[in-house]
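Enquirer:
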Amino acid sequence: MIGTSHEVEARLLRAERDCKLEESIVLEGRPELPDGRPAPLTITQLDDLLGERTNQTRIVLGTPATGVTDVGDTLRTVTGRIADWTLPPIGKPSAFKQELTGGHPRERRVIISDFARYPVKPETCREAVPLAETLLPSTPGVARTVVLVTDPRQLDLWRTLLMGEEQVFAAPVVLRRHDQRSLRNWAQQREAFNTEERLERLHALTGGWPWLVDRAHRLHGGELGDPGEVLRRLAGMLTDRSTIRAFVEATGVYAHPTLAAGYQAVAGEFQSGLAEADEIVTAIAYQASDEEAGRWVFACLDALQVFDREDGRLRLEPLLRECVASAV
Numbered sequence: 536m537i538g539t540s541h542e543v544e545a546r547l548l549r550a551e552r553d554c555k556l557e558e559s560i561v562l563e564g565r566p567e568l569p570d571g572r573p574a575p576l577t578i579t580q581l582d583d584l585l586g587e588r589t590n591q592t593r594i595v596l597g598t599p600a601t602g603v604t605d606v607g608d609t610l611r612t613v614t615g616r617i618a619d620w621t622l623p624p625i626g627k628p629s630a631f632k633q634e635l636t637g638g639h640p641r642e643r644r645v646i647i648s649d650f651a652r653y654p655v656k657p658e659t660c661r662e663a664v665p666l667a668e669t670l671l672p673s674t675p676g677v678a679r680t681v682v683l684v685t686d687p688r689q690l691d692l693w694r695t696l697l698m699g700e701e702q703v704f705a706a707p708v709v710l711r712r713h714d715q716r717s718l719r720n721w722a723q724q725r726e727a728f729n730t731e732e733r734l735e736r737l738h739a740l741t742g743g744w745p746w747l748v749d750r751a752h753r754l755h756g757g758e759l760g761d762p763g764e765v766l767r768r769l770a771g772m773l774t775d776r777s778t779i780r781a782f783v784e785a786t787g788v789y790a791h792p793t794l795a796a797g798y799q800a801v802a803g804e805f806q807s808g809l810a811e812a813d814e815i816v817t818a819i820a821y822q823a824s825d826e827e828a829g830r831w832v833f834a835c836l837d838a839l840q841v842f843d844r845e846d847g848r849l850r851l852e853p854l855l856r857e858c859v860a861s862a863v
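Numbering follows our numbering, with no gaps: position 250 of the sequence shown is 785.
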């Protein structure tokens with residue numbers, strides 16, 4: 536029996552919502568790296584980085600805690616499965632310039648300059664942006680996307696991108712922490728942590744930070760096979776001061792004194808409570824005695840993934856907050 540018109544309409548609406556949810560889960564999912572770890576980029580972000588047969592520039596903003604050193608390997612893994620993609624090796628700046636204009640007809644190229652793995656002076660990174668925007672392939676039919684991978688050592692460039700202080704056509708792509716859905720998707724693929732209680736515990740002990748999710752992966756796939764023992768080992772790691780300090784450093788909150796002071800201002804003012812973005816900016820600006828600095832530090836901390844969001848309000852991610860308090 537089909538049912539009344541109202542019942543049919545309700546079922547159709549539920550089906551539409553389920554389809555949208557499923558699509559969202561797929562697009563926000565992450566491919567696996569060759570060793571089985573989840574990539575730092577979502578499917579949506581990868582689609583944006585690789586483009587659609589156009590010449591474009593993207594700048595990845597990330598930290599070791601959000602997996603920035605795995606961005607290059609992720610792009611190589613994904614494009615290696617698809618014909619017609621070329622990722623030329625980039626070494627010296629002269630090679631970068633040459634590859635910006637190179638290529639063969641119908642070739643799709645990804646030019647990666649990985650400033651997170653191979654640090655350079657800030658001016659070298661900044662100079663790469665206008666070069667990528669102006670030096671286009673000399674052969675018709677070539678499409679190339681330039682991916683500049685950066686970390687907090689390039690804060691001047693981050694400020695330009697996040698605050699819009701200069702006109703830059705290159706678009707930023709911010710690496711994110713896992714949410715519970717992406718962690719569940721990874722756990723199901725690896726056939727690990729396959730109960731709601733374990734998944735919630737995994738999220739609490741990692742905060743969704745790839746730096747810690749990678750350790751859970753290595754523990755589960757290496758010396759430990761029991762998910763319960765992996766979770767116990769993770770909990771133990773987070774009581775070790777050297778591990779705590781390494782994790783906090785990997786998040787970038789201590790990358791610059793201004794960022795560290797801004798983070799402490801938020802922690803002192805709001806502790807674990809929810810707050811509006813404007814309230815957080817005001818707290819940072821009061822500490823820095825500078826409204827513009829308050830907006831910039833907030834934007835940078837947000838890019839560093841230090842906030843959780845709930846109904847449009849923000850709070851400090853609890854695991855990092857506890858680790859920062861322990862590391863002081």
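Backbone N, C-alpha and C define an ideal beta-carbon position, used for all residues, glycine too.
Values in this document were obtained by computation on a predicted structure and should not be read as measured data.
Who are the Cβ neighbours of leucine 839 in its own chain at under 7 Å, not counting the five residues just before and after it?
Expert: Thr598, Thr786, Gly787, Val788
Enquirer: Should isoleucine 617 go down as buried or exposed, given a rule of 16 or more other Cβ atoms within 10 Å for buried?
Expert: Classification for isoleucine 617: exposed.
Enquirer: If we require 3 or more residues per run, which beta strand (DSSP E) segments fall completely within the stretch 599 to 661?
Expert: 643 to 649
Enquirer: Give a yes or no on whether the C-beta atoms belonging to isoleucine 578 and valine 708 are separated by under 9 Å.
Expert: For isoleucine 578 and valine 708, no; Cβs fall outside 9 Å.
Enquirer: Shorter than 9 Å from the beta carbon of arginine 712 to some beta carbon of chain D?
Expert: Note that chain D does not occur in the displayed structure, where there is just one protein chain.
Enquirer: Could you tell me which of Leu690, Glu700, Gln702, Gly756 sits nearest to alanine 722, measuring between CA atoms?
Expert: Gly756
Enquirer: Give the DSSP bridge partners of aspartate 843, in chain order.
Expert: Arg850
Enquirer: For valine 863, name the three-state secondary structure that DSSP assigns.
Expert: coil
Enquirer: Considering only DSSP beta bridges, list what glutamate 567 is partnered with.
Expert: DSSP, once it has assigned bridges, lists Pro573 as partnering glutamate 567.
Enquirer: Check the DSSP bridge columns for glutamine 591 and list the partner residues they point to.
Expert: Thr680
Enquirer: Indicate whether the contact test is met: 3 or more Cβ pairs, each with one atom in the stretch 564 to 575 and one in the stretch 713 to 720, closer than 8 Å.
Expert: yes
Enquirer: Based on Cα-Cα distance, which residue from Val682, Asp686, Ser673 lies nearest to lysine 656?
Expert: Asp686
Enquirer: Should serine 648 go down as buried or exposed, given a rule of 16 or more other Cβ atoms within 10 Å for buried?
Expert: buried
Enquirer: Can you give the Cα-Cα distance for isoleucine 560 and leucine 854, rounded to whole angstroms?
Expert: Legend: pLDDT at isoleucine 560 = 45, less than 50; position of this residue unreliable, value from coordinates given subsequently. Each residue's Cα considered, the two are about 24 Å apart.
Enquirer: I'd like the list of long-range same chain contacts for leucine 581, defined as Cβ closer than 7 Å, with 5 residues on each side in sequence excluded.
Expert: Val613
Enquirer: Helix, strand or coil for leucine 596 per DSSP?
Expert: strand
Enquirer: Which same chain residues end up closer than 6 Å to alanine 651 when comparing Cβ atoms and leaving out the 5 residues on each side of it in sequence?
Expert: Same-chain partners within the cutoff: Val603, Thr604, Val684, Asp686.
Enquirer: Hey, would you say threonine 680 sits closer than 9 Å to leucine 584, going by beta carbons?
Expert: yes
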